[in-house]
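Undergrad: With our numbering as the guide, the letters of the sequence shown map in order to residues 40 to 385.
We put the beta carbon where it would ideally sit given N, CA and C, even for glycine.
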Amino acid sequence: MTKIAIVLIIQMVMGVSPAFPQAVVKSSGAGNSSSLINEKSLADDLTKIKSASRQMKGREVSTESVWLSSQDKWTNLVKGGKASVPILSKELKDKNTDWRVRAIIASSVLPQINDKDAIKDLKALLSDKTEDIALRSAAADGLGNMGGESALEGLRQSIDDNPNNPKFQASIIRGLGKAGTKKDGALIAKRLNYQDSYVKVIAVRELQRVAVRNNDLAQLEPLVPMVGDATFEDRNVAIKLLGEAKYRPALPAIAKVANNKAEDYIYRCASAEALGNIGGDDADVVLLQLAADSDQLVRMYAVEGLSKGNYSAKKISVINDAIASARDLYVKGKMQKFEKILQSKQ
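1) Using the Cβ count rule (16 or more neighbours within 10 Å means buried), how would you classify residue 257?
2) Within 10 Å of its beta-carbon, does residue 83 have 16 or more other beta-carbons around it, so buried, or fewer, so exposed?
3) Could you give the distance in angstroms between the alpha-carbon of residue 299 and the alpha-carbon of residue 313?
4) By the DSSP assignment, the alpha helix (DSSP H) with residue 196 in it spans what residues?
5) Less than 7 Å between the C-beta atoms of residue 215 and residue 194, yes or no?
6) Compare the beta carbon distance of residue 161 and residue 181 with 7 Å and say whether it is the shorter of the two.
7) Please list, in chain order, all residues of the same chain as residue 134 whose beta carbon is under 7 Å from its beta carbon, the five residues on each side excluded.
8) The alpha helix (DSSP H) with residue 369 in it runs from where to where?
9) Using the Cα positions of residue 169 and residue 343, report the straight-line distance between them to the nearest angstrom.
10) Between residue 104 and residue 273, what straight-line distance do the alpha-carbon atoms span, to the nearest angstrom?
11) Can you tell me which of the three DSSP states residue 263 falls into?
12) How big is the Cα-Cα spacing for residue 127 and residue 316?
13) One question on the structure: do residue 322 and residue 330 come within less than 7 Å of each other, judged by their Cβ atoms?
14) Can you list, in chain order, the residues of its chain with a C-beta nearer than 8 Å to that of residue 293? Leave out the 5 residues immediately preceding and following it.
15) Looking at the secondary structure, which residues open and close the alpha helix (DSSP H) in which residue 211 lies?
16) Going by the beta-carbon positions, is the gap between residue 166 and residue 210 smaller than 7 Å?
17) CB residue 140 to CB residue 108, shorter than 7 Å?
18) Can you tell me which of 116, 136, 271 and 263 puts its alpha carbon nearest to the alpha carbon of residue 285?
19) What's the C-alpha gap between residue 320 and residue 345?
20) Thinking C-beta only, is residue 123 closer than 7 Å to residue 158?
21) Taking 7 Å as the limit between beta carbons, can you name the residues of its chain near residue 236, skipping five residues before and five after?
22) First and last residue of the alpha helix (DSSP H) that includes residue 144?
23) Taking only three categories from DSSP, how would you classify residue 170?
24) Measure the alpha-carbon distance for residue 73 versus residue 208 and round it to whole angstroms.
25) What distance in whole Å lies between the Cβ atoms of residue 240 and residue 224, which are believed to be in contact at a cut-off of 8 Å?
26) Kindly indicate which three-state DSSP category residue 319 falls into: helix, strand or coil?
27) Where does residue 245 sit, in a helix, a strand or coil, going by DSSP?
28) Tell me whether the beta-carbon of residue 259 lies closer than 7 Å to the beta-carbon of residue 218.
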């Protein structure tokens, strides 16, 4: 596989998929009940869902499969709004119900209905250490999706439970990241040294989300040492997110990685992209040098970074040289596009 193909794949998978399926439907809301959907029909839908799930035996059968097998009925429950909540809450507490049905209720259906009265049931499930860890993780996802101080308090209280379970830790961190306030950034930052690389990446993403949403970029400082940490294989994520946050104190560390030809091209490309997002004269100095790098992908990202800043004749000259040196048609085409963007700023 070529380096260009690898970069394209990385661009497609940079996002993290949710742990459970999310329906794209609207509930009737906490204050309305649809005349077309009564409690009996909602209860019947849930009974049919449970019957279908019992036929899908084996823990290897995914939660998504249980969702898809009864998607229309799950959708009806979401549309039922507040009328569905008592039925769903009762099922959530029933330990004889298929854990996958309970997980979907916790992580997806109740949050979509968004009746705040359901938060107490999700908190109870999350804190119940006798429950399956997958169910508790689903409750954490649900609380994060619902948000609010009460939901956040449940997540904060449980963050130190099951510290060696990556799935559980990831769900707690995601929940805090989705709805967390400034004080939650400190809790997330403690997981930056987690032994599991997946949890570590989640912590990087969610810390950046909390810092940006709460306009408290100083919380990003713990990410800066990760930029040059050769033991962290996914540090390109930290580099990229620092750039997206335009966190200027990270610029020297990012520039060092970009200029180091011994670094893997993935980290150097991510660094060039981040420098372009941070911007400024100091970033442009590095990008102008990278535009003449021996690696054409590094050159491409450097040219893109230069196009994000102010116009200058020097930039145009350097970009044209980079275009002339490009051997790959994809790279050349991208550079030409960036050159036009910069020209439009003249």
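TA: To lay it out plainly:
1) So residue 257 ends up on the exposed side.
2) Under this definition residue 83 is an exposed residue.
3) Whole-angstrom Cα-Cα distance: 15 Å.
4) Element bounds for residue 196: 188–197.
5) The answer is yes: Cβ separation under 7 Å.
6) If you check the CB distance, residue 161 and residue 181 come in under 7 Å.
7) Here the set comprises nothing.
8) From DSSP, the alpha helix (DSSP H) with residue 369 extends over 368–382.
9) Residue 169 and residue 343 have their C-alpha atoms spaced approximately 53 Å apart.
10) Their backbone Cα atoms lie some 30 Å apart in a straight line.
11) In the three-state scheme derived from DSSP, where H, G and I count as helix and E and B as strand, residue 263 is classed as helix.
12) So the alpha carbons of these two residues sit roughly 45 Å apart.
13) No; because the gap between Cβ atoms is not below 7 Å, this pair is not in contact.
14) For residue 293, the CB contacts under 8 Å within the same chain, skipping 5 residues up- and downstream, are 266, 278, 281, 282, 310, 313, 314 and 317 in chain order.
15) Going by DSSP, residue 211 is part of the alpha helix (DSSP H) stretching over 205–218.
16) No, they are not a contact pair.
17) The answer is no: Cβ separation not under 7 Å.
18) Nearest of 116, 136, 271 and 263 to residue 285, Cα basis: 263.
19) If you take the alpha carbons of residue 320 and residue 345, they lie about 10 Å apart.
20) Against a cut-off of 7 Å, the Cβ pair of residue 123 and residue 158 comes out as no contact.
21) Spatial neighbours of residue 236 in its own chain (CB-CB distance under 7 Å, excluding positions within 5 residues in sequence) are listed in chain order as 272 and 273.
22) Neither: residue 144 is in no alpha helix (DSSP H) and is coded neither H nor E.
23) Here residue 170 sits in coil by DSSP.
24) Residue placement at residue 73 cannot be trusted, given a pLDDT of 46 that sits under 50; what the coordinates show is reported in the next sentence. If I take the Cα positions, the gap works out to 38 Å.
25) Not confirmed; about 16 Å, so no contact.
26) Of the three classes helix, strand and coil, the one that applies to residue 319 here is coil, per DSSP.
27) Of the three classes helix, strand and coil, the one that applies to residue 245 here is helix, per DSSP.
28) By the CB criterion at 7 Å, residue 259 and residue 218 fall outside the cutoff.
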